[in-house]
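Report on one structure; see the data block that follows.
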Amino acid sequence: YCGVGCGIIVNQESNGRIHIKGDPDYPVNKGLLCSKGMNLNYVVQDISDRILYPEMRWSRNHPMKRVSWDTGLERAASVFKSIIKKFGPDSVGFYVSGQCLTEEYYLINKLTKGFLGTNNIDTNSRLCMSSAVEGYKKSVGDDIVPISYDDIELADCFLIAGANPAWCHPILFRRLEKHKEINPNIKIIVVDPRTTQTTSIADLHLQINPGTDVILYNAIARHLFVKNKINNYFIKHHTNGIENYKKLVYKTTLKEASKICGVPISAIKKAAIYIAKASGFISMWAMGLNQSVIGVDKNISLINLLLMTGHIGKPGSGPFSLTGQPNAMG
34 YCGVGCGIIV NQESNGRIHI KGDPDYPVNK GLLCSKGMNL NYVVQDISDR ILYPEMRWSR
94 NHPMKRVSWD TGLERAASVF KSIIKKFGPD SVGFYVSGQC LTEEYYLINK LTKGFLGTNN
154 IDTNSRLCMS SAVEGYKKSV GDDIVPISYD DIELADCFLI AGANPAWCHP ILFRRLEKHK
214 EINPNIKIIV VDPRTTQTTS IADLHLQINP GTDVILYNAI ARHLFVKNKI NNYFIKHHTN
274 GIENYKKLVY KTTLKEASKI CGVPISAIKK AAIYIAKASG FISMWAMGLN QSVIGVDKNI
334 SLINLLLMTG HIGKPGSGPF SLTGQPNAMG
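This is the structure we're talking about:
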């Protein structure tokens, strides 16, 4: 649920009551909070399921017992030390998550690789969005998102696929809503087999058959080629393989793609026209694309639309993969 990472301000009254509000100066949420953020005070005050101090048992047959921080840390260090001494540094490992801050990621990597001398560190974020990682590497050359939240208000065309940000990324969605309210001429394309709250603000809902994303994006690319709505300068100076890509997308006609995807030819053409006319084009996607046996292909085929139209490396344009944790790409 959400990969934004909002800034919040916490105030506590003399009676212990806690108040939560969004930080208006924080660049991501700009003072906004979703229902989860607004109810953090209950999480802070309810300590019924929280671990408040270290607990340890000397063996599996012993019960858990409260110990001091010094005792707990010394025990953990001694166990690591004895195992490494007996079996080597690759006998231990660490498993972290996208809930860690970037600084915490740095420290745990420093401990694991720099001090202990092993690369046995993994995170749940790796498999979570591994398709996006590989998609970025194969298309733009590196595992990096070449865009930021500040680009949202600079774009005039959005393609949202495999995601329902109205529910899963509400702060991002509210920024999109506000942007659309202020600039009603911006175009929002939503690719989703379902009708969701996100589709309610869409100018075009491509309700495709599940699993046909690649065919759809290649069909849009084909129409862009046919109408010569591509950025030849960008393609010449910043890409390669354009002729092979063109041959690939031309293998399927719009009529065939329409039948496979379950959307009208006119809708495919309209999506291409929206992208062609955009001065700033952003694609957004989440696990609906990533967590699939053809997730890498889905990512690449979507990013290719930005490459062929030159919507990478300039304000208000680029691929924007959405995560389920605030630092999954940290």
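Residue 34 is where the sequence shown starts when you use the working numbering, and the numbers rise one by one after that.
We treat Cβ as the ideally placed atom computed from N, Cα and C, and that holds for glycine.
Unbroken beta strand (DSSP E) run spanning residue i, endpoints
| i | result |
| --- | --- |
| Pro-111 | The sequence as given places Ser at residue 111; Pro does not occur at that position. Premise fails: Ser-111 lies in the alpha helix (DSSP H), 102-120, not in any beta strand (DSSP E). |
| Val-43 | 41-45 |
| Gly-55 | 51-55 |
Other residues of its chain near residue i: CB distance less than 6 Å, five sequence neighbours each side excluded
| i | result |
| --- | --- |
| Lys-262 | Ala-309 |
| Ile-42 | Lys-54, Asp-56 |
| Asn-197 | Thr-229, Thr-231 |
Own chain residues within Cβ distance below 7 Å of residue i, not counting five before or after
| i | result |
| --- | --- |
| Ala-304 | Ile-222, Leu-237, Leu-239, Ile-253 |
| Glu-167 | Val-329 |
| Leu-65 | Gly-55, Ile-204, Arg-207 |
| Cys-294 | Ile-241, Asn-242, Thr-245, Ile-248, Leu-249 |
| Pro-96 | Arg-90 |
| Ala-9 | Shown here, the chain extends from 34 to 363; a query on residue 9 therefore has no answer. |
| Trp-102 | Pro-87 |
Per DSSP, cross-strand counterpart(s) of residue i
| i | result |
| --- | --- |
| Cys-190 | Lys-220, Phe-314 |
| His-238 | Val-223 |
| Gly-351 | Ile-315 |
| Arg-255 | Its beta-bridge partners do not exist; DSSP assigns none. |
| Glu-88 | Arg-99 |
Limits of the alpha helix (DSSP H) - the one that residue i falls within
| i | result |
| --- | --- |
| Val-77 | 73-78 |
| Ser-291 | 287-294 |
| Asn-277 | 275-282 |
| Ile-268 | 265-271 |
Neighbourhood of residue i by C-beta distance below 8 Å, restricted to the same chain and skipping five residues each side
| i | result |
| --- | --- |
| Leu-287 | Ala-252, Arg-255, His-256, Ile-298, Ile-301, Lys-302 |
| Gln-132 | Gln-358, Pro-359, Asn-360 |
| Val-61 | Val-37, Gly-38, Cys-39, Gly-40, Tyr-182, Ile-204 |
| Pro-26 | Any answer about residue 26 is impossible in this case: the structure gives the chain only from 34 up to 363. |
| Val-125 | Phe-113, Ile-116, Ile-117, Leu-149, Thr-151, Asn-153 |
| Ser-164 | Leu-322, Asn-323, Gln-324, Ser-325, Gly-328, Val-329, Lys-331, Asn-332 |
Distance cut-off 7 Å: residue i Cβ against heavy atoms of the ligand FAD
| i | result |
| --- | --- |
| Cys-161 | Judged by which ligands are present, the structure shown has none, so any question about the ligand FAD falls away. |
Specify whether the region 272-289 and the region 312-323 touch according to this definition: at least 3 beta carbon pairs, one from each stretch, less than 8 Å apart. no
Contained beta strand (DSSP E) runs [length at least 3] in the region 314-338, N- to C-terminal order: 314-318
Does the region 331-350 touch the region 203-216, meaning 3 or more C-beta pairs lie closer than 8 Å? no
At which residue ranges does the region 122-203 contain complete beta strand (DSSP E) runs of 3 or more residues, listed in the order of the chain? 127-129, 154-156, 190-194
Three or more C-beta pairs closer than 8 Å, one from the region 110-117 and one from the region 89-99: is that the case here? no
Is the region 311-318 touching the region 338-354 in the sense that three or more CB pairs, one from each, lie closer than 8 Å? yes
Flag this pair as touching only if the region 172-186 and the region 156-164 have three or more C-beta atom pairs under 8 Å; answer yes or no. no
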